[in-house]
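Have a look at the structure below, then the notes.
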Ligand code: TYD
Ligand code: MG
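In this note's numbering, the protein residues as written are 15 to 471.
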């Protein structure tokens with residue numbers, strides 16, 4: 015009997031190695047290599063040569079090819095369409111990743127129901143829950159509709175056959191980690207299996223007009239199992255994010271062959287599923303009341319989309335030891351840096367204070383233009399002086415204390431006025447002096463000037 019051929023697959027990066035090793039040679043992770051039996055795939059399964067045998071050429075004049083743009087299937091939720099780039103593309107495969115419990119199954123079931131209601135058919139393949147459980151959720155979110163079919167299976171072959179025979183407009187596979195191929199001996203969810211499952215589903219998607227949506231759980235390390243191997247197999251990777259206890263959910267594209275990766279969708283988890291919010295830009299403002307000390311509003315750009323976001327800071331005398339710096343929604347190192355800049359260039363000493371900084375509404379902000387609002391919120395809390403009514407901030411703070419204008423400051427100002435703010439305090443552009451600009455833009459040269467222009471007396 016021939017020896018069984020095995021390879022060792024890194025569960026983190028998907029690299030294969032013929033021998034076991036404690037550390038993956040490709041990504042350096044420890045104890046991630048898992049032995050996987052690689053059975054040769056039956057030749058028939060790989061029969062792309064049918065076309066070749068029939069003498070057909072793979073070459074087509076570009077003018078006779080229909081563009082994917084022309085025929086998207088709307089997901090039925092505007093915020094989702096925005097992130098997809100206009101809707102589901104027939105014959106494509108996308109991956110929806112996110113933490114367990116964040117709402118992936120809920121969202122996909124809603125989308126499947128909307129596609130079915132709009133006249134397409136949808137197939138929801140579940141490897142995690144029973145059809146009865148899915149039906150229970152569907153009742154809660156109004157997804158019991160004609161044209162939506164369920165299949166409960168953990169076998170890849172069964173899932174493939176179901177998609178091929180039903181040829182739905184949308185097929186959801188929940189989740190990619192629960193299906194297994196009998197051709198591989200690795201357990202469900204291992205890199206080898208996940209890759210094989212995705213590759214085979216991609217083949218089926220591309221062969222027909224179904225858009226296959228794979229649900230993928232994100233591991234503790236923040237990656238969908240074997241992310242690098244999955245990402246190139248799929249057309250789009252979209253993450254559903256949010257604080258589990260909060261209700262805000264953001265959809266973000268990490269890769270999108272059919273659209274921009276700059277768009278973000280804002281959704282809210284309600285009792286009847288995920289819903290679009292009325293005015294996403296206003297959504298992250300905690301209150302409409304008069305400003306309080308420790309709160310500053312910035313207009314963040316999520317991709318091309320301006321969102322008004324409240325930054326909340328609290329400084330309190332530290333009781334003992336080194337003071338705490340805790341943040342939610344922004345990088346703690348950025349806060350350390352801004353605390354140092356405030357001490358050095360604005361005479362605000364926070365070294366004896368605990369400092370807490372929050373982004374309201376569960377949003378995460380990475381852009382440097384949020385610096386100014388964070389610094390102002392900190393100063394406002396320490397001095398117990400609120401930010402002047404009608405003022406928002408967007409600018410980058412340098413270590414020298416100088417302020418740089420936020421990119422696309424005019425676009426942000428436009429949004430600020432739409433939301434009822436009178437002025438946006440920002441920094442200087444390269445080579446520009448501190449002259450007030452049109453339309454409510456106020457330019458400050460450094461952090462001290464910005465505080466003077468911003469805080470109430
Ligand atoms: P789920 O879609 O099962 O998450 P995932 O598939 O990403 O693991 O959703 C899990 C949470 O969502 C669950 O804790 C309950 C909550 N939820 C709502 O708040 N409203 C709803 O209408 C539904 C269906 C779920
Ligand atoms: Mg789920």
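Even for Gly, the Cβ is constructed at its ideal location relative to N, Cα and C.
- Between residue 321 and residue 381 a beta carbon distance of about 11 Å is seen, past the 8 Å cut, so the two are scored as non-contacting.
- DSSP lists no bridge partner for residue 34.
- Closest by C-alpha distance to residue 355, out of 401, 310, 414 and 343, is 414.
- In the DSSP assignment, residue 367 falls within the beta strand (DSSP E) that extends over 367–373.
- In this structure, DSSP gives residue 166 an extended state, which the three-state scheme calls strand.
- Taking the Cα positions, residue 470 is about 39 Å away from residue 96.
- Within the same chain, 138, 145 and 148 come within 6 Å of residue 164 by CB-CB distance, once the 5 residues on both sides are set aside.
- Counted as a single uninterrupted DSSP element, the stretch harbouring residue 207 is not any beta strand (DSSP E) but the alpha helix (DSSP H) occupying residues 205–221.
- For residue 112, DSSP records a beta bridge to 231.
- The C-beta of residue 361 has fewer than 16 other C-beta atoms within 10 Å across all chains shown, which makes the residue exposed.
- Runs of the alpha helix (DSSP H) spanning 4 or more residues and lying entirely within the segment 251–284 do not occur at all.
- Beyond the five residues adjoining it in sequence on each side, residue 41 comes within less than 8 Å, by CB distance, of 24, 26, 27 and 29 in the same chain, given in chain order.
- The beta carbon of residue 229 sits closer than 8 Å to at least one heavy atom of the ligand MG.
- Secondary structure note for residue 147: its alpha helix (DSSP H) is the uninterrupted segment 145–155.
- When the Cα atoms are used, residue 190 and residue 136 turn out to be separated by approximately 17 Å.
- For residue 460, the beta-bridge partners assigned by DSSP are 416.
- Contact check between the segment 427–439 and the segment 453–464: three or more CB pairs, one atom from each, fall below 8 Å, which counts as touching.
- Around residue 411, the same chain offers 352, 355, 385, 386, 389, 417 and 461 as residues with beta carbons nearer than 7 Å, after the five sequence neighbours per side are excluded.
- Assignment of beta-bridge partners to residue 24 by DSSP yields 47.
- The straight-line gap separating the alpha-carbon atoms of residue 201 and residue 44 is approximately 19 Å.
- For residue 142, the CB contacts under 8 Å within the same chain, skipping 5 residues up- and downstream, are 119, 188, 189 and 192 in chain order.
- DSSP, read as helix, strand or coil, puts residue 95 in helix.
- Nearest to residue 182 by alpha-carbon distance, out of 195, 168, 435 and 102, is 102.
- Judged by DSSP in its simplified three-state form, residue 394 adopts helix.
- Only residues of its own chain outside the window of five on either side were considered, and among them 298, 299, 300, 309, 311 and 374 have a CB closer than 7 Å to the CB of residue 324, listed in chain order.
- Annotation: the continuous beta strand (DSSP E) that includes residue 319 extends over 319–331.
- By the Cβ neighbour-count rule, residue 372 is buried, with 16 or more other Cβ atoms within 10 Å of its own.
- One alpha carbon belongs to residue 419, the other to residue 465, and they sit about 15 Å apart.
- A heavy atom of the ligand MG is found nearer than 8 Å to the CB of residue 188.
- In the structure shown, residue 346 falls within a helical segment according to DSSP collapsed to helix, strand and coil.
- In its chain, beyond the 5 residues on either side, 405, 454 and 456 have a beta carbon closer than 6 Å to the beta carbon of residue 437.
- DSSP places residue 85 within a helical segment (H, G or I) once states are collapsed to three.
- Rounded to the nearest whole angstrom, the C-alpha separation of residue 340 and residue 277 is 29 Å.
- In this structure, residue 273 places its C-beta atom within 9 Å of the C-beta atom of residue 99.
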